[in-house]
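One structure is given below, encoded as structure tokens.
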Amino acid sequence: MPTSNDMQKVLDIQDKNIIFKDNCVTYGVFKDRKCKFIDCTLSYTPMECKKCQIPNHDYTIYKNGTQTSRVTFPMSEITPTFLRIKKQRFMCKACKETFTAQTPLVNNNCFISTYIKAHIITKSADACSIKDIAKETNVSEATVQRVITKEAKRYRPYYQSLPKHMSFDEFKYASGRMAFEYINAQTGDILDILPAKDSRFVKKHFTSNYSLRQRERVETVTVDMNASYVSFIPDLFPKAHIIIDRFHIVQLVNQSMNRTRVKVMNQFNTSNGEDLKKYRRLKHYWKKMLKKERKRVILYDI
Ligand SMILES: [Zn+2]
Numbered sequence: 000m001p002t003s004n005d006m007q008k009v010l011d012i013q014d015k016n017i018i019f020k021d022n023c024v025t026y027g028v029f030k031d032r033k034c035k036f037i038d039c040t041l042s043y044t045p046m047e048c049k050k051c052q053i054p055n056h057d058y059t060i061y062k063n064g065t066q067t068s069r070v071t072f073p074m075s076e077i078t079p080t081f082l083r084i085k086k087q088r089f090m091c092k093a094c095k096e097t098f099t100a101q102t103p104l105v106n107n108n109c110f111i112s113t114y115i116k117a118h119i120i121t122k123s124a125d126a127c128s129i130k131d132i133a134k135e136t137n138v139s140e141a142t143v144q145r146v147i148t149k150e151a152k153r154y155r156p157y158y159q160s161l162p163k164h165m166s167f168d169e170f171k172y173a174s175g176r177m178a179f180e181y182i183n184a185q186t187g188d189i190l191d192i193l194p195a196k197d198s199r200f201v202k203k204h205f206t207s208n209y210s211l212r213q214r215e216r217v218e219t220v221t222v223d224m225n226a227s228y229v230s231f232i233p234d235l236f237p238k239a240h241i242i243i244d245r246f247h248i249v250q251l252v253n254q255s256m257n258r259t260r261v262k263v264m265n266q267f268n269t270s271n272g273e274d275l276k277k278y279r280r281l282k283h284y285w286k287k288m289l290k291k292e293r294k295r296v297i298l299y300d301i
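At position 176 of the sequence shown the residue is numbered 175 (numbering that gives the first Met the number 0), and the sequence of numbers has no breaks.
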């Protein structure tokens, strides 16, 4: 049988006040899913009262029952794992108030372990969707969003210098709104993400956080074909050249090719059998039209 110490090591729990007994791992059902429960107790002799701060001398504070909380723990394999902590309750003789034992493993009145929160933050730095993080950490998507938002509020971007080569981009986020991001084009590091992409907002961000001297050091700004950026870049970065991202050029060519193909194709959508053959070829082999010329197989003579 593993000792309590072994269990602490396996679960990476540093709090020595959390004690595991024999046969502490059981299987059960929670929210219609099979899951694993690990039972443990949390107890210690408090130094002072959490409510009135009176020092604990001569049993000023005595043990007064327990309270069990179920805490979501980082998942092992595919079975959701919960730590069932039987927390010691204390009663203070001085103020007649009660309070519960605390552990750094989980915040008060919270059912998500700090490990899960750390895991969410680490995962959010990767290109990982909220849905995937929620699945992996066995918490709801709303919880993942809440943890990230809370952490993001603590983070204050350090606006001091801009790289010589920047790239602007935009992407869709919550409820279909668009965000703006600017990136160090050489390293790929995201410098900041703004909650809106309208030119007034973006301009204000750069003018209020970076001096003109800093902005003058920018040599190139890579953008997609969004005309609104192109119009204000010379004002913000007077010495920067604007580069249109080749990805967006290729994308535009692709879209134009497709549109033309559909236009031609529809002309063959008649009751004539020969026309319909051509129509089907144009419809079926649409990918071939987008390939490089030497890779294309000739589509007969249409
Ligand atoms: Zn007290």
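C-beta: ideal position from N, C-alpha, C; glycine also.
Does the distance from the CB of Ser42 to the CB of Gln101 come in under 8 Å? The sequence position of residue 42 within the sequence shown is 43, counting from 1. The sequence position of residue 101 within the sequence shown is 102, counting from 1. The answer is no: Cβ separation not under 8 Å.
Ignoring anything shorter than 3 residues, give me the beta strand (DSSP E) runs that lie fully in the segment 1 to 62, in order along the chain. For the segment 1 to 62, whole beta strand (DSSP E) runs of length 3 or above, ordered along the chain, are 24 to 29, 32 to 41.
Nearest-angstrom Cα distance between Leu211 and Asp244? Residue 211 sits at position 212 when you count from the first residue of the sequence shown. Residue 244 sits at position 245 when you count from the first residue of the sequence shown. Between Leu211 and Asp244, the C-alpha separation is close to 25 Å.
With a threshold of 16 other CB atoms inside 10 Å of the CB of Val249, please say whether the residue is buried or exposed. On the sequence shown, residue 249 is found 250 positions in, with the first residue counted as 1. Classification for Val249: exposed.
Specify, as a first and last residue, the run of the alpha helix (DSSP H) that Thr148 falls within. Locating residue 148 in the sequence shown gives position 149, where the first residue counts as 1. Residues 140 to 153.
Can you list, in chain order, the stretches of the alpha helix (DSSP H) that have 4 or more residues and sit fully within the segment 70 to 140? Whole alpha helix (DSSP H) segments, 4+ residues: 113 to 123, 129 to 136.
Roughly how many whole angstroms lie between the Cα atoms of Ile132 and Thr80? In the sequence shown, counting from the first residue as 1, residue 132 sits at position 133. In the sequence shown, counting from the first residue as 1, residue 80 sits at position 81. Cα-Cα distance, rounded: 16 Å.
Going by beta carbon distance, what residues of the same chain come within less than 7 Å of Lys33, once the five residues before and after it are set aside? Along the sequence shown, read from residue 1 onward, the residue named residue 33 stands at position 34. Tyr26, Thr78, listed in sequence order.
Looking at Leu235 and Arg214, is the spacing between their C-beta atoms short of 8 Å? Residue 214 sits at position 215 when you count from the first residue of the sequence shown. Residue 235 sits at position 236 when you count from the first residue of the sequence shown. At the C-beta level, Arg214 and Leu235 come within 8 Å of one another.
With ligand 1 as the reference, list in chain order each residue whose Cβ lies under 6 Å from any of its heavy atoms. Near ligand 1, meaning a beta-carbon closer than 6 Å to one of its heavy atoms, we find Cys48, Lys50, Cys51, Ile53, Cys91, Ala93, Cys94, Glu96.
Per DSSP, Asn225 forms a beta bridge with which residues? Numbered from its first residue, the sequence shown carries residue 225 at position 226. In DSSP, Asn225 forms no bridge with anything.
I believe Thr40 touches Ile18 by the beta-carbon criterion, under 8 Å. Please report the beta-carbon distance rounded to the nearest angstrom. Indexing the sequence shown from 1 puts residue 40 at position 41. Indexing the sequence shown from 1 puts residue 18 at position 19. Confirmed, about 5 Å.
Quick test of your reading: Leu82 and Ser123, contact by CB under 8 Å. State the CB separation rounded to the nearest angstrom. Here residue 82 refers to the residue found at position 83 when the sequence shown is read from its first residue. Here residue 123 refers to the residue found at position 124 when the sequence shown is read from its first residue. Wrong, their Cβ atoms sit about 23 Å apart, outside the cutoff.
Where do the ends of the alpha helix (DSSP H) carrying Ser255 lie? If you number the sequence shown from 1, residue 255 lands on position 256. 245 to 266 is the extent of the alpha helix (DSSP H) around Ser255.
Neighbourhood of Ile310 by C-beta distance below 7 Å, restricted to the same chain and skipping five residues each side: Given that the chain is displayed from residue 0 to residue 301, the structure contains no residue 310 and the question cannot be resolved.
Quick one: is Cys48 buried, meaning 16 or more other Cβ sit within 10 Å of its Cβ, or exposed? As a first step, residue 48 must be located in the sequence shown, where it is residue number 49. With 16 or more other Cβ atoms within 10 Å, it is buried.
From Arg279, Lys50, Ser166, residue whose alpha carbon lies closest to that of Phe89: Counted from its first residue, the sequence shown places residue 89 at position 90. Proximity to Phe89 across Arg279, Lys50, Ser166 peaks at Lys50, based on C-alpha coordinates.
Residue interval of the beta strand (DSSP E) (run including Tyr172): The count along the sequence shown starts at 1 and reaches residue 172 at position 173. In the DSSP assignment, Tyr172 falls within the beta strand (DSSP E) that extends over 164 to 172.
Residues bridged to Asn183 (per DSSP): As a working mapping, residue 183 is identified with position 184 in the sequence shown. Asn183 pairs with Met165.
Can you list, in chain order, the residues of its chain with a C-beta nearer than 7 Å to that of Thr71? Leave out the 5 residues immediately preceding and following it. If you number the sequence shown from 1, residue 71 lands on position 72. Taking C-beta separations shorter than 7 Å and ignoring five residues to either side along the sequence, the partners of Thr71 in its chain run Phe81, Phe110, Ile111, Ser112, Ile115, Asn137, Val138, following chain order.
DSSP three-state label for Ser207, please. Within the sequence shown, residue 207 is the residue found at index 208, counting from 1. Helix.
Taking Leu281 and Met264 to be in contact with their CB atoms under 8 Å, please state how far apart those CB atoms are, rounded to whole angstroms. In the sequence shown, the residue the question calls residue 281 occupies position 282. In the sequence shown, the residue the question calls residue 264 occupies position 265. Rounded, the Cβ-Cβ distance is 4 Å, consistent with contact.
8 Å Cβ cutoff met for Ile192 and Ile147: The count along the sequence shown starts at 1 and reaches residue 192 at position 193. The count along the sequence shown starts at 1 and reaches residue 147 at position 148. For the pair Ile192 and Ile147, the CB atoms are not nearer than the 8 Å cut-off.
Are the segment 56 to 69 and the segment 2 to 11 in contact at 8 Å, needing three or more beta carbon pairs? By the Cβ rule, the segment 56 to 69 does not count as touching the segment 2 to 11, because fewer than three pairs are nearer than 8 Å.
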